[in-house]
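Each remark here refers to the structure printed beneath this line.
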Amino acid sequence: MDVDLQLAVERLLARYVHAIDDGRLEAWPDFFSESCVYKITTAENLREGLEAGIIFANSRDMLRDRVSALREANIYERQSYRHILGQPCILSDDGAEVRSETSFLVMRTVQDGDSVIYATGRYLDIYAISGDIAKLNERIVVCDSSRINTLLAIPL
Amino acid sequence: MDVDLQLAVERLLARYVHAIDDGRLEAWPDFFSESCVYKITTAENLREGLEAGIIFANSRDMLRDRVSALREANIYERQSYRHILGQPCILSDDGAEVRSETSFLVMRTVQDGDSVIYATGRYLDIYAISGDIAKLNERIVVCDSSRINTLLAIPL
Amino acid sequence: MDVDLQLAVERLLARYVHAIDDGRLEAWPDFFSESCVYKITTAENLREGLEAGIIFANSRDMLRDRVSALREANIYERQSYRHILGQPCILSDDGAEVRSETSFLVMRTVQDGDSVIYATGRYLDIYAISGDIAKLNERIVVCDSSRINTLLAIPL
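Going down the list, the protein sequences come from chains A, B and C. The first sequence begins at 61 in this note's numbering and counts up one residue at a time. The second sequence begins at 61 in this note's numbering and counts up one residue at a time. The third sequence begins at 61 in this note's numbering and counts up one residue at a time.
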């Protein structure tokens, strides 16, 4: 078992969620390769073979555009988010690409109020590993619930 | 500190919860040794020394029977589950067996609806480690709440 | 990347939360250095540069006093708590001190009832590492919600 590989993936995951939860959305696209796929879909869609996701991007530039759009739409955002991830499960490693599956939980907190469960699901990831740096070539975010707000305020 | 041991336990835990959450219940008994103990109990029962658990099995075959029973009972299951585990805490390692304690959180999501907290608690585990493969000799699932549905729809 | 450092931090975190969730509060101060800072504050306070936290201690002895106070106040505590932490994100390591950021989720369970989200947020930690043992020189607990009960029943 490759300890360095496991830790490289874990480190990327930890930095990814801290960037989002700290509100540093502009740092988010940098966790992806320049030519990447990012998709948000639901377990139901995946089960039924429906390709259409809720959100789809196939380049890092599209992710940057999405951050700009979120910034414009959420000027007065008074909520915060908190990702808690499970341990990544490395599924395969062919030397060039590493596939993994990771469960996620995201909570939303109104500034003066309660925290509620915002989303649960799993990441189906493909990484390019270079030294101890991992980058996402692909992330498919599979939400457990089919009732996902299409006006998602943050990346997942 | 034994890095390989820690990662072997983490890897088993990650694969265990993904198998359940992905609905691959038939894979679940394979995470246990042939002669194993699996018990679900509550923190209150444990504190009061009550041996009787909510669910008890003392062989892998009994776990297979349980999966069959769950499959018959839940033909139209429209809910999904998501386990998120804490970091396993290795308590002892005598060369033959490894004991650990791991916190868990399980959420339940109705297909088109919200996610709620289904169960929280901790796993008290005993592993047999062979190379980088861990198997469960014993798992005692200690739920924090005493109000556990005896008709549990999934393994914990 | 330093595997031993990462695992030393993870191990301290796992033992820390298990001590609290198992009700072994007297063990909690031992995770800190003798001369330490422990503070609970909110994301809003931190953002606005307000120094005043909800709880503040600057020695291990003050943490012991706090445990004594909690023990006297909560004789008939009928609730339990469960911490689930994210992966620690090591921010810096200058040889003497290690800084990290870790997301947390704490749930509260009434003995016969449901579990609810009690707090979410992040730990901003400074560790002293000696061999494979980590001790907390400083922990700033930053809660996402500003509505934190000042009569916190447990350490975070």
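For every residue, glycine included, the Cβ atom is placed at its ideal position computed from N, Cα and C.
Distances from the alpha-carbon of Gln-147 (chain B) to those of C:Leu-65, C:Val-63, C:Arg-71, C:Gln-66 put C:Arg-71 closest.
Against Gln-66 (chain A), the close residues of chain B are Leu-67, Glu-70, Arg-71, in the order they occur along the chain (beta-carbon pairs closer than 9 Å). Between Arg-142 (chain A) and Phe-164 (chain A), the CB-CB gap reaches or exceeds 8 Å.
Exposure of Ile-193 (chain B) is indicated by the presence of fewer than 16 other C-beta atoms within 10 angstroms of its C-beta. Out of C:Arg-84, C:Asp-121, C:Lys-195, C:Leu-123, the CA that lies nearest to the CA of Ala-156 (chain C) is found in C:Lys-195. Taking 8 Å as the CB threshold, Val-77 (chain B) lines the interface with chain A. If you check the CB distance, Ile-208 (chain A) and Thr-102 (chain A) come in under 8 Å.
Ranked by Cα distance from Ile-144 (chain C), the options C:Arg-168, C:Ser-160, C:Arg-124 are led by C:Arg-168. Arg-75 (chain B) sits in a helix when the DSSP states are folded into three classes. In the DSSP assignment, Asp-185 (chain C) is bridged to C:Ser-160, C:Arg-199. Note that the C-beta distance between Ile-186 (chain A) and Glu-198 (chain A) is below 8 Å. Leaving aside the five residues that flank Trp-88 (chain A) on each side, the residues in its chain whose CB is nearer than 8 Å to its CB run, in chain order, Tyr-76, Ala-79, Ile-80, Leu-123, Val-127, Pro-215. With fewer than 16 other Cβ atoms from the protein chains shown falling within 10 Å of its own Cβ, Asp-64 (chain C) counts as exposed. With fewer than 16 other beta carbons inside 10 angstroms of its own, Ser-95 (chain A) counts as exposed.
C-alpha of Thr-162 (chain C) to C-alpha of Asp-154 (chain A): approximately 31 Å in a straight line. For Val-202 (chain B), the closest C-alpha among the options B:Asp-90, B:Phe-91, B:Arg-107, B:Val-69 is that of B:Arg-107. Taking a Cβ-Cβ threshold of 7 Å, the residues of chain C close to Arg-207 (chain B) are Asp-172, Gly-173, in chain order. Per DSSP, Arg-120 (chain C) is one residue of the alpha helix (DSSP H) stretching across 120–133.
Between the alpha carbons of Glu-86 (chain B) and Arg-120 (chain B) lies a gap of roughly 11 Å. Interface annotation, Ala-74 (chain A): in contact with chain C, CB-CB separation under 8 Å. The continuous beta strand (DSSP E) containing Glu-94 (chain A) extends over residues 92–102. A direct Cα-Cα distance of roughly 19 Å separates Lys-99 (chain C) from Asp-172 (chain A). Rounded to the nearest angstrom, the gap between the Cα atoms of Ser-152 (chain B) and Val-97 (chain B) is 18 Å. Beyond the five residues adjoining it in sequence on each side, Ser-93 (chain B) comes within less than 8 Å, by CB distance, of Arg-120, Ala-188, Lys-195, Leu-196, Asn-197 in the same chain, given in chain order.
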